[in-house]
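Just so we're aligned, residue 1 is where the sequence shown starts under the UniProt record's numbering, counting upward by one. Input: a single structure, listed below in structure tokens.
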Amino acid sequence: MWRTGVGVGGGSLFCRLVTGLWVPLCPLVILLQALTQLPIVDSALRYRVAEEGPPDVKIGNVAADLGLSAGTGTGDVTFALESGSEFFKIDNVTGELSTGQKRIDREKLTQCQLIFDENECFLDFEVSVIGPLQSWVDLFEGRVVITDINDNTPSFPSPVLTLSVEENRPIGTLYLLPTATDRDFGRNGIDRYELIQDGGNSGSPAGSGPGSTRRIASGPMGRADGAGVGPGDKRRGAVDNNGAGGAGGGAGVRSSVFELQVADTPDGEKQPQLIVKGPLDREARDSYELVLRVRDGGNPPRSSQALLRVAITDVNDNSPRFERAVYEAEMAENAPPGTPVLQVRASDRDVGVNGQVEYVFGAATESVRRLLRLDEATGWLSVLHRIDREEVSQLRFTVTARDRGQPPRTDRTTVVLAVRDENDNVPVVEIRKIGRIPVRDGVALVPENVLVDTPVALVQVSDRDQGENGAVTCTVVGDVPFTLKPAGEAALLPLPADDAFDRNRKKYFLHTSALLDYEVTKDYSVTIVAVDSGSPSLSSNSSLMVRVVDINDHAPTFAQPVVEVHFAENNQPGERVVTVVAADADSGKNAEIAYSLDPSVNGAFYIDADNGDIRATGVLDREVRERYEFRVIARDKGAPSLQGSATVVVMVTDRNDNAPKFVQEVFTFYVEENLLANSPVGMVTVTDADEGENAELSLFVEMDEQVMDVEGGGGEKNDGGEEECRGRCKEKFSIENNTGTIFSSLSFDRERRSAYTFRVRAVDGGDPPRSATATVSLIVTDKNDNAPSVVSPTNESYTLLPPASSARTIVRTVAASDLDFGRNADLRFSLVGGNPFRLFEIGLASGVITVAEPLERRHRGLHRLVVRVNDSGEPSLFATALVHVFINESLVNGTLVDAQVVVNTILAMSQIPPFSLLYITILDHNLAGI
1 MWRTGVGVGG
11 GSLFCRLVTG
21 LWVPLCPLVI
31 LLQALTQLPI
41 VDSALRYRVA
51 EEGPPDVKIG
61 NVAADLGLSA
71 GTGTGDVTFA
81 LESGSEFFKI
91 DNVTGELSTG
101 QKRIDREKLT
111 QCQLIFDENE
121 CFLDFEVSVI
131 GPLQSWVDLF
141 EGRVVITDIN
151 DNTPSFPSPV
161 LTLSVEENRP
171 IGTLYLLPTA
181 TDRDFGRNGI
191 DRYELIQDGG
201 NSGSPAGSGP
211 GSTRRIASGP
221 MGRADGAGVG
231 PGDKRRGAVD
241 NNGAGGAGGG
251 AGVRSSVFEL
261 QVADTPDGEK
271 QPQLIVKGPL
281 DREARDSYEL
291 VLRVRDGGNP
301 PRSSQALLRV
311 AITDVNDNSP
321 RFERAVYEAE
331 MAENAPPGTP
341 VLQVRASDRD
351 VGVNGQVEYV
361 FGAATESVRR
371 LLRLDEATGW
381 LSVLHRIDRE
391 EVSQLRFTVT
401 ARDRGQPPRT
411 DRTTVVLAVR
421 DENDNVPVVE
431 IRKIGRIPVR
441 DGVALVPENV
451 LVDTPVALVQ
461 VSDRDQGENG
471 AVTCTVVGDV
481 PFTLKPAGEA
491 ALLPLPADDA
501 FDRNRKKYFL
511 HTSALLDYEV
521 TKDYSVTIVA
531 VDSGSPSLSS
541 NSSLMVRVVD
551 INDHAPTFAQ
561 PVVEVHFAEN
571 NQPGERVVTV
581 VAADADSGKN
591 AEIAYSLDPS
601 VNGAFYIDAD
611 NGDIRATGVL
621 DREVRERYEF
631 RVIARDKGAP
641 SLQGSATVVV
651 MVTDRNDNAP
661 KFVQEVFTFY
671 VEENLLANSP
681 VGMVTVTDAD
691 EGENAELSLF
701 VEMDEQVMDV
711 EGGGGEKNDG
721 GEEECRGRCK
731 EKFSIENNTG
741 TIFSSLSFDR
751 ERRSAYTFRV
761 RAVDGGDPPR
771 SATATVSLIV
781 TDKNDNAPSV
791 VSPTNESYTL
801 LPPASSARTI
811 VRTVAASDLD
821 FGRNADLRFS
831 LVGGNPFRLF
841 EIGLASGVIT
851 VAEPLERRHR
861 GLHRLVVRVN
871 DSGEPSLFAT
881 ALVHVFINES
891 LVNGTLVDAQ
901 VVVNTILAMS
911 QIPPFSLLYI
921 TILDHNLAGI
């Protein structure tokens, strides 16, 4: 019985028996090889395609060009692009190579920037031919030459070109004009120049017609008038003093002043030149304005033009001349800035400023100007920035020497600098996929059942250096069942020396050299070392992790899709909440499960990846969040990994961890005195963040023993009031649990007590219970329930007033008080009786009685005044008082006066209502001795 493994080595084919022995020429495999083995081709894969083409343009058929017939088109032999897929794609069954989605622009390809031969612009690619079941793989290199299309317009370096021409120059004097550039090549490059003069330009040439335009064409067919090509392959056209020029095909008038000539340079470029054809007199005309037009040879052609301003100046008749037409030199890469490279020299036979030469770059790319410095005075070229040969291997440019005459004369030389290589690049080892075995992030996933000698990866070793510095050898180090074999040696013959690919790039297949066993070894770290041949040599290495893959076809499963758990708040950080367990029907690594939580958990929980213990990251607070729902993911360690999940719901249960909380620390309520007993006096608000019994509150009154009087209250405390409060205060107030309403069991008398302070305590139903207190301050507001009281004088007293007393003499002051507060205690005084002569008046607020009129003899005797004291309450309350005034020189009969005062008082008290007859003033002249 034959095993399916096939090995190819040394040009022989072997089959392996079940016993493990290799024997040659298995009949079945011979047939397979005959059908699918690649023939040896005698040339590289080479194609052509035009730039700027659309996607899916067919380039060629790799299968046909390799001579494959059997196995293709059926899927037994397939094709894959290993490189070059940026611009190309290949049909993996038919081998048809075509353009990809990315547009190819020949002028933007880096490798074509400095190429002047269109046949040298190319893109390389690699294609692998894969046998059935990847029993064999061959790698081929190919090249697609990118041909040019006319997609660029030729242009001059500036829209305005200036040229100075000396007067009196001999006929035939030639002036170099600035050349145009065209990024295209070949026939799409510059084809011809034309000279046009506008008759309305500056200067005053006699006979120039306004608005007339003349064209002088110079192209590959010779003169504009159709004459044959002269020596040196120069083409000419002319402009005369009147602005007329020779037209193509003989049309127009021949010029007598200027003629356009185009010369072919040794580099294959076209150099426009202006030739003096007639006498120039600066005093007659000092300038000409022409239009220089350039056309390419594309179909249709592209063109552009520039204004050519010709200034007629005095004579400077010798141009600088370089010592050599071409300067060649070699320079070392990485030379420091300032290193001299080469000196170009030019001499001028003129003297003075016309013989002073300065050097400038001519046709030089931005790279040349960035890397090199040209000394304008000496012609020395030196390094401006370090040059990397791997980026630029040769610099080719022109240097222009010009004198300082007016106008300056110039000469041009070509400079070719070759950059000499230094061993400054380490070899680069690149490991890529080959065929159907993936390589990602440095890991190759190789099934354990692959055959011996199976290619598992493509190793490319390259060195950007040159010669021996870039000659690289590489090996696999360590005791691993892998070996390197050159890629594509049997399929691709060496290229010609002048047309070969990069010689410093080598490709190898990494083959298995023994059977792989997942249960014995699951991973191999394969290290590949590359060493170049420089002195000293440089080396580098790259590693590939070969992971042997076991088949994994069972996902982990949980016994319950939803797991609900109740967990008390105020836990310890890291406390276990619940353990979840999943099972996997696989074995080995494929059955090893790692647990994780999905991101929705937001860090509140974490899980032990090995045993499934879910723990709380921090302390849970039911009052913040009482329900968490998240997914637990069980992922096996197979490749590719499979996973299952379950939903976990954590209900956070309450603990009595919050004390009741009053909305205010101090509640202040204002109650009116004389409020009926058992009336509500205020309401307190208290909350508890817990729930259930932990939030059921009981409220209690705790009386404060301190007695407070409102400032200015003026009330009197009855004897023993404070001691009485200490014994009975808790009975004076009560509180309702449900509403927090406070009730009073007494009626308030502000004059006895103006304020009460006590505490309210809230106790929850938790175990142990928690409580909180708040202070309640009751301020008793005043009511006008007390009439004023006259303090002095008494009704039985009198005041002696001498008759000589003048007006405003103070007689007596009535003093009164009121037990009420505020406006209720604001007193006003008035005389309501006993003042028939208007002798006396009283201060409204002060109660001071004064003499209002001068006293006369008839006013002598005893006066009885009735004074009323009113408060400002609503309604107002009042009190009355008798004020006796005895007007006399002396008190010789004081006993009689006292007796009369007593009689008056008794009489007044006996009247009903009191003092109703006091409006009668009693004057006893006998008492005064009248």
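All C-beta atoms in this analysis are idealised placements derived from N, C-alpha and C, irrespective of residue type, glycine included. In this text the structure is predicted, and so the values were computed from the model without any measurement.
Exercise. Determine the contact status of residue 85 and residue 58, defining contact as a CB-CB distance below 8 Å.
Key: no
Quiz item: residue 522: beta carbon under 7 Å from a heavy atom of the ligand FMN?
Solution: Because no ligand of any kind appears in the structure shown, any question about the ligand FMN cannot be addressed here.
Quiz item: If you scan the UniProt domain "Cadherin" (41-156) from start to end, which runs of the alpha helix (DSSP H) of 4 or more residues do you find wholly inside it?
Solution: You should have 62-65.
Quiz item: Hey, out of 178, 312, 885, whose CA is closest to residue 285's CA?
Solution: For the residues 178, 312, 885, the minimum Cα distance to residue 285 belongs to 312.
Practice problem: Identify every residue that forms a DSSP beta bridge with residue 333. | Solution: In the DSSP output, where bridge partners are listed per residue, residue 333 has none listed.
Quiz item: Residues in its own chain within less than 6 Å of residue 466 by CB, not counting five upstream and five downstream?
Solution: 421
Quiz item: Short check: CB of residue 395 to CB of residue 417, under 8 Å?
Solution: yes
Practice problem: Could you name each continuous beta strand (DSSP E) segment of 3 residues or more that falls completely within the UniProt domain "Cadherin" (446-558), going from the start of the chain to the end? | Solution: Look at the UniProt domain "Cadherin" (446-558) and you find these whole runs of beta strand (DSSP E), each 3 residues long or longer: 455-462, 472-477, 482-486, 505-512, 523-532, 539-549.
Quiz prompt | Per DSSP, cross-strand counterpart(s) of residue 698 | solution = 763
Exercise. State buried or exposed for residue 171, treating a residue as buried only when at least 16 other CB atoms are found within 10 Å of its CB.
Key: exposed
Practice problem: Determine, using beta-carbon pairs with one atom in the stretch 621-638 and one in the stretch 548-564, whether at least three such pairs fall under 8 Å. | Solution: Taking 8 Å as the limit for Cβ pairs, the verdict is that the stretch 548-564 does touch the stretch 621-638.
Self-check item: Selection from 378, 807, 898 that minimises the alpha carbon distance to residue 856
Solution: 807
Quiz item: Around the C-beta of residue 401, are 16 or more other C-beta atoms found within 10 angstroms, so that it is buried, or is it exposed?
Solution: buried
Quiz item: When DSSP builds the beta bridges, which residues end up paired with residue 823?
Solution: Answer is none; residue 823 lacks a bridge partner.
Self-check item: Segment contact flag, the stretch 530-539 with the stretch 462-481, C-beta cutoff 8 Å, min 3 pairs
Solution: yes
Self-check item: Contact set for residue 709: own chain, Cβ-Cβ below 6 Å, skip 5 residues either direction
Solution: Unreliable placement is indicated for residue 709, whose pLDDT of 39 sits below 50; the coordinate value is still reported in the next sentence. Once the five neighbours on either side are set aside, the close Cβ partners of residue 709 are 754.
Quiz prompt | C-alpha distance - residue 822 paired with residue 668, whole-angstrom precision | solution = Between the C-alpha atoms of residue 822 and residue 668 there is a straight-line separation of about 20 Å.
Exercise. Return the residue from the list 274, 270, 885 that minimises the CA-CA distance to residue 295.
Key: Looking from the CA of residue 295, the closest CA among 274, 270, 885 belongs to 270.
Quiz item: Should residue 262 be labelled buried (16 or more other beta-carbon atoms within 10 Å of its own) or exposed?
Solution: buried
Practice problem: Put residue 295 into one of helix, strand or coil per three-state DSSP. | Solution: Shown here, residue 295 sits in a strand according to DSSP, grouped into three states.
Quiz item: residue 631 lies in the beta strand (DSSP E); which residues open and close that run?
Solution: 627-636
Practice problem: Can you say whether residue 78 is buried or exposed, counting buried as having 16 or more other CB atoms within 10 angstroms of its CB? | Solution: With 16 or more other Cβ atoms within 10 Å, it is buried.
Quiz item: Identify the residues that DSSP records as bridge partners of residue 869: which are they?
Solution: 829, 879
Quiz item: Can the beta-carbon of residue 546 be found less than 8 Å from the beta-carbon of residue 452?
Solution: no
Quiz item: Exposed or buried, what is residue 48 when buried is set at 16 or more other beta-carbons lying within 10 Å of its beta-carbon?
Solution: By the Cβ neighbour-count rule, residue 48 is exposed, with fewer than 16 other Cβ atoms within 10 Å of its own.
Self-check item: residue 146 and residue 104 closer than 8 Å at C-beta
Solution: Less than 8 Å separates the beta-carbon of residue 146 from that of residue 104.
Quiz item: Is residue 200 helix, strand or coil when you go by DSSP?
Solution: Low confidence applies to residue 200: its pLDDT is 43, below 50, so where it sits in the model is not reliable, and the reading given next is rough at best. Coil, per DSSP.
Quiz item: What's the C-alpha gap between residue 439 and residue 457?
Solution: Here the C-alpha atom of residue 439 lies approximately 7 Å from the C-alpha atom of residue 457.
Exercise. Find out if the Cβ-Cβ distance for the pair residue 828, residue 845 is shorter than 8 Å.
Key: yes
Quiz item: Would you report the Cα separation of residue 686 and residue 752, rounded to the nearest angstrom?
Solution: 32 Å
Practice problem: Within the same chain, show all residues whose beta-carbon is closer than 7 Å to that of residue 570, passing over the 5 residues directly before and after it, in chain order. | Solution: Here the set comprises 619, 655, 657.
Quiz prompt | Cβ pair residue 151, residue 184 closer than 8 Å | solution = Cβ distance < 8 Å, so residue 151 and residue 184 count as in contact.
Quiz item: When the Cα of residue 670 is compared with those of 661, 659, 682, which residue comes out closest?
Solution: Checking every option, the nearest Cα to that of residue 670 belongs to 682.
Quiz item: How far does the beta strand (DSSP E) with residue 259 in it reach, from first residue to last?
Solution: 258-264
Practice problem: Name, in chain order, the residues that DSSP records as bridge partners for residue 613. | Solution: 579
Quiz item: Who are the near neighbours of residue 664 in its chain, counting only those whose CB is closer than 7 Å to its CB and skipping five residues on each side?
Solution: 774
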